[in-house]
Amino acid sequence: MGVNLIYRYVLNTTPCSGKESLVVLVHSAPNHYAQRDSIRSTWGQGSQRLKKFWIKLVFLLAAVEDEAQNWKIQLEHLRYRDIVQVVISNDLGNFIDAYRNLTYKHVMGLKWAWENCPRAPWLLKMDDDIFVHLFNLYKMVKEDNREKLICYVQKQMPVTRDEGSKWRVTIPEYPLMFYEDYCSGWAYLMTPNIARRLYVESRYRPYFWVDDVHVTGTLAKMAGVPRVAINSKFTTVAESAIMWSNDDGNKEWKYIFGPTWGDPDLAAKAHSKAVDCQRRQCRCCFDIFTIHVEETRETLNSPRKGRAQVVTVN
1 MGVNLIYRYV LNTTPCSGKE SLVVLVHSAP NHYAQRDSIR STWGQGSQRL KKFWIKLVFL
61 LAAVEDEAQN WKIQLEHLRY RDIVQVVISN DLGNFIDAYR NLTYKHVMGL KWAWENCPRA
121 PWLLKMDDDI FVHLFNLYKM VKEDNREKLI CYVQKQMPVT RDEGSKWRVT IPEYPLMFYE
181 DYCSGWAYLM TPNIARRLYV ESRYRPYFWV DDVHVTGTLA KMAGVPRVAI NSKFTTVAES
241 AIMWSNDDGN KEWKYIFGPT WGDPDLAAKA HSKAVDCQRR QCRCCFDIFT IHVEETRETL
301 NSPRKGRAQV VTVN
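For reference, each letter of the sequence shown is one residue, going 1 to 314 in full-length UniProt numbering.
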C-alpha cells in the first residue's frame, strides 16, 4: 500500500506562465544558500544567446525545525520568489528536511511540477551541487525523447548491507540483492506527464527512503516509464570542470552535468567558461586527461566534504 501524504505549502512560487522552455526542480538543503545563489546568478537565469529559451527555477525544501533558519529562508524567498517549501505529513506526523526523508521531497516536487507547469516542454530534476552546461543542455533538449526519463542510468547496483554505511538498507526495507535500474539523482530530464505518472504511482507503492531508486527505479518500472541513458554526458569528477574552466584553449567541455561538491566558485567559473566558449565557438572537445572512476552509488550520490579547489593548469 502506498503512502497518503498531506502537503501544506509554507512558501510557494507562481505557476508557469506558459512561455517556459525548461522548469528546473532543484533539491536543496535548507542551509545551502550559497549553492542556490550560484545557480540563480549563472546558468539558472538563462542566456541572451539562447533566444526564447526560458528557464523557471524552483528550489524544493521541506520543513525546518530551526526558527532562525526558517526566517532566513523566508527572507531569501521574499527576494527571489523561487522557493517551494512544504510541510509534509501523514498519520505519524510531519517530516523535516532530512536525508532519509528525501523521497517525500522528491514526490512533492513531481506533484508541484505537473500541477503548476503542465505545459512546460521539459522538467529537470537536479541536486544543488551539480554544474549544468546550459548550452550543451540546450542542444540535447532539442532532440525528441519526450515520454522517457533521460538520465545517467545505474544498472545492477548492489544493495548495501554494511552496518557502518550511510547507504545501509535492511532486508525488510529492500529484500532484493540488486536495485532495479534507476537514474542517478544528480540530474534527470522528464516531461510534466512523466512527473504525473510517477506521482500517481507513488500513491500505490510502499515508501522506500532511497529516493532515486524508489522514484526513477521502482515507480518508473511500475508506471511503464522507460529510461534513456545519457551516461556519456555526465562526468563524476569535479576536476574535469576545474581543469576545463582554467584552460586557455579554444576547446568545449564535452559534458552537460558534473559535480561541484558544493563549491559555488567552481560553478561560477565553469559557467563563465561556457559563455566564453559560446562566444568564441569553441571546438569539441576538451579532454586533457582521463580518469577512470568506478561508477558506484558512492561515486554518483554520496555528498563529499569540503570544497573543490580551483587550480590553474599551465
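From the three backbone atoms N, C-alpha and C, an ideal C-beta is built for every residue, glycine too.
Check: Three-way DSSP call (helix, strand, coil) for S89 in this model; Outcome: strand
Check: Check whether M126 and V26 have beta carbons under 7 Å apart; Outcome: yes
Check: Integer-rounded CB distance, given that S38 should sit under 8 Å from A229; Outcome: 28 Å between Cβ atoms; not a contact.
Check: Distance between P158 and R81 (C-alpha atoms, nearest Å); Outcome: 41 Å
Check: Residue burial classification, C285 (beta-carbon count within 10 angstroms, cutoff 16); Outcome: exposed
Check: Rounded C-alpha distance that separates K273 from D144; Outcome: 28 Å
Check: Helix, strand or coil at W186 [DSSP, three-state]; Outcome: strand
Check: Proximal residues to G217 (C-beta, below 7 Å), its chain only, five neighbours per side dropped; Outcome: Y179, E180, D181, Y182
Check: Complete runs of the beta strand (DSSP E) confined to the region 18–58 [at least 3 residues]; Outcome: 22–27
Check: Cβ-Cβ distance between Y188 and L137 below 7 Å; Outcome: no
Check: The region 11–29 touching the region 45–61, judged by at least three CB pairs closer than 8 Å; Outcome: yes
Check: Per-residue DSSP class, three states only, for V210; Outcome: coil
Check: Assigned secondary structure, H282 (DSSP; H/G/I helix, E/B strand, else coil); Outcome: Rather than His, the amino acid found at residue 282 in this sequence is Cys. Coil.
Check: Backbone CA spacing between C117 and N12 [nearest angstrom]; Outcome: 13 Å
Check: Those residues which DSSP pairs with K251 across a bridge; Outcome: R283
Check: Option in P192, Y207, I194, R283 with minimal Cα separation from P172; Outcome: Y207
Check: Within 7 Å, strictly: CB atoms of G185 and D212; Outcome: yes
Check: Assigned secondary structure, C151 (DSSP; H/G/I helix, E/B strand, else coil); Outcome: strand
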